[in-house]
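Numbering-wise (the working numbering), the sequence shown opens with residue 1083 and increments by one.
Just so it is clear, CB atoms sit at the ideal spot from N, CA and C, and this is done for glycine as well.
Heads up, the thing below is written out as C-alpha cells.
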Amino acid sequence: MVRRRPSLDEEAAVVSERLAVLLAAGVSPSTVWGYLDETDGRSVGERSSIPDRLRDIDRAARRGDDVVAAILAGASTSDQDDAWRGVAAAWAVSTEAGSPVAPAFRAFAGVLRGIERSRRDVEVALAGPVVSSRIVFALPVVAVGLGIALGFDVLGVLFGTVAGMVCLVVGVTLAALAVFWVRHLTARARRADSTPGLRAELVAIAMSGGTSAARAVDLVERTLVRVGLSEEAGGGAGSIERILTLSRRAGVPAAELLRSEAESERLRAATDGAARAARLGSLLLVPLGVCVLPSFLVLGVVPMVLSLLSSTGLSW
C-alpha cells in the first residue's frame, strides 16, 4: 500500500514534538537538530523532504550560525511552507526572550496539529462538491459519444460543416470557461488563514520567559516580519492589546488568555473553512447552468439535429 505523503504541517509538528522532548531531556540546542535528522527523517516517511532540511539546520547550529536563517533557507515563498516559517518564528521568539524552549515547542506542535486538522476537515467537506463537478464536466464528451453511438454523424458535422465548427468552438469555449470558473470557486473555498492563532501563541511563549508584555509584542512583530508571516499570523496588534488589557484589569496571567485566544482563532478558521466548503456545493450550480449544460447542447444535441436534417436532404 502506498503511504500518503505527510503534509508540511505534519512534518513541522513532528519536528516540534521531537524537539520539545530532546530539549527537555537536556540535549543542547546546538546539537539537537542532528538527533532530529536521525529520528524525524524516517518517522515521516522516505518521500519526505525533511531529512535534507534538518541536515542543513544541524550544520548551521553546530557552526554557531543563525538557526532561524537556516530554517528559512529551506522554506519556499509558497504558503505551503508557512508551518516551517512558524517553526522559525517559535525558535527565534523563545531563544531571544529566554523562554523555556521545550515547553514552547510542545505547545507549538499542538498548534500545528490543530491547523492540520482544520485543513483536513475542509478537504473532506470539499470532496463531494469537487467530485460532482468533475463528473458534470464529462457531460459534453458524453453528449458527443452518445450521438455517435446512436448512429448520428456528429464528428462529421462538428468538423466538416460551418455550423458544426461554430458549435465546436462555442462548446469548447463554454467547457473551458466552466473548468476555470470551478477551479476559481474551489480555490477560494480552500483559501484560509494558514497559521491562525500564531501571533497570540508566540506572544504567550515570549511572556512565559518573564518578558514584559510590551517587549513580547514588539519581539513577536519583528520576528513575524522577518519570517514573512506578519500578514498571515492571525489576529493583530489590536487583538493582542485587548487581551493584555483584560489581563491587567482582571489580574490574571496573560499567557493563558493569549493561548485561549489562539485556540479560538483556530476554531473560527475551521468553522469558516467548513462554511465555505458547504457554500461551494451551491455555487457550483452556477457554472453548471451557465456553461456546462449549454456546452452539452451545442456539442451533442445540436450536431445530432443537424446530422438528422442532413440525412433527410435538408440543408442549413
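Apart from the 5 residues on each side of it in sequence, residue 1240 sits with its Cβ closer than 8 Å to the Cβ of 1226, 1246, 1247, 1249, 1250, 1381 and 1385 in its chain, given in chain order. Nearest in C-alpha terms to residue 1197, of all of 1173, 1166, 1289 and 1109, is 1166.
Rounded to whole angstroms, the separation of the alpha carbons of residue 1323 and residue 1339 is 12 Å.
Shown here, residue 1251 sits in a helix according to DSSP, grouped into three states.
Looking from the CA of residue 1321, the closest CA among 1214, 1281 and 1151 belongs to 1281. Linking residue 1207 to residue 1264 through their CA atoms gives a straight-line distance of about 16 Å. A distance below 6 Å between beta-carbons, with the five flanking residues on each side excluded, links residue 1168 to the following residues of its chain, in chain order: 1277 and 1280. Our two residues, residue 1289 and residue 1309, have alpha carbons roughly 20 Å apart in a direct line.
Pairing residue 1173 with residue 1150 gives a Cβ-Cβ distance under 8 Å.
In this structure, the CA atom of residue 1195 is about 59 Å from the CA atom of residue 1244.
Counting only runs that start and end inside the region 1204 to 1272, the alpha helix (DSSP H) elements of at least 4 residues fall at 1221 to 1231, 1236 to 1242 and 1244 to 1272.
Secondary structure note for residue 1376: its alpha helix (DSSP H) is the uninterrupted segment 1375 to 1378. A Cβ-Cβ distance of about 11 Å is found for the pair residue 1268 and residue 1213, leaving them out of contact under the 8 Å criterion. Scanning its chain for C-beta atoms nearer than 7 Å, with the 5 sequence neighbours on each side dropped, one finds around residue 1378 the residues 1221, 1222 and 1225, in chain order. In the three-state reduction of the DSSP assignment, residue 1369 falls in the helix class. In the three-state reduction of the DSSP assignment, residue 1111 falls in the coil class, being assigned neither a helical nor a strand state. Check the Cα spacing between residue 1326 and each of 1106, 1283, 1228 and 1255: the tightest is with 1283. The criterion of a C-beta distance shorter than 8 Å is not satisfied by residue 1187 and residue 1112.
Apart from the 5 residues on each side of it in sequence, residue 1369 sits with its Cβ closer than 7 Å to the Cβ of 1260, 1263 and 1264 in its chain, given in chain order. Per DSSP, reduced to three states, the secondary structure at residue 1182 is coil, with no helix or strand assignment.
In the three-state scheme derived from DSSP, where H, G and I count as helix and E and B as strand, residue 1364 is classed as helix. If you draw a straight line from the Cα of residue 1347 to the Cα of residue 1334, it is about 20 Å long. For residue 1147, there is no enclosing alpha helix (DSSP H), as DSSP gives it neither H nor E.
Residue 1300: member of the alpha helix (DSSP H) spanning 1295 to 1309, first to last residue. The residue among 1375, 1383 and 1134 with its C-alpha nearest the C-alpha of residue 1231 is 1383. Contact check for residue 1301 and residue 1178: beta-carbon distance about 6 Å, within the 8 Å limit, so the pair qualifies.
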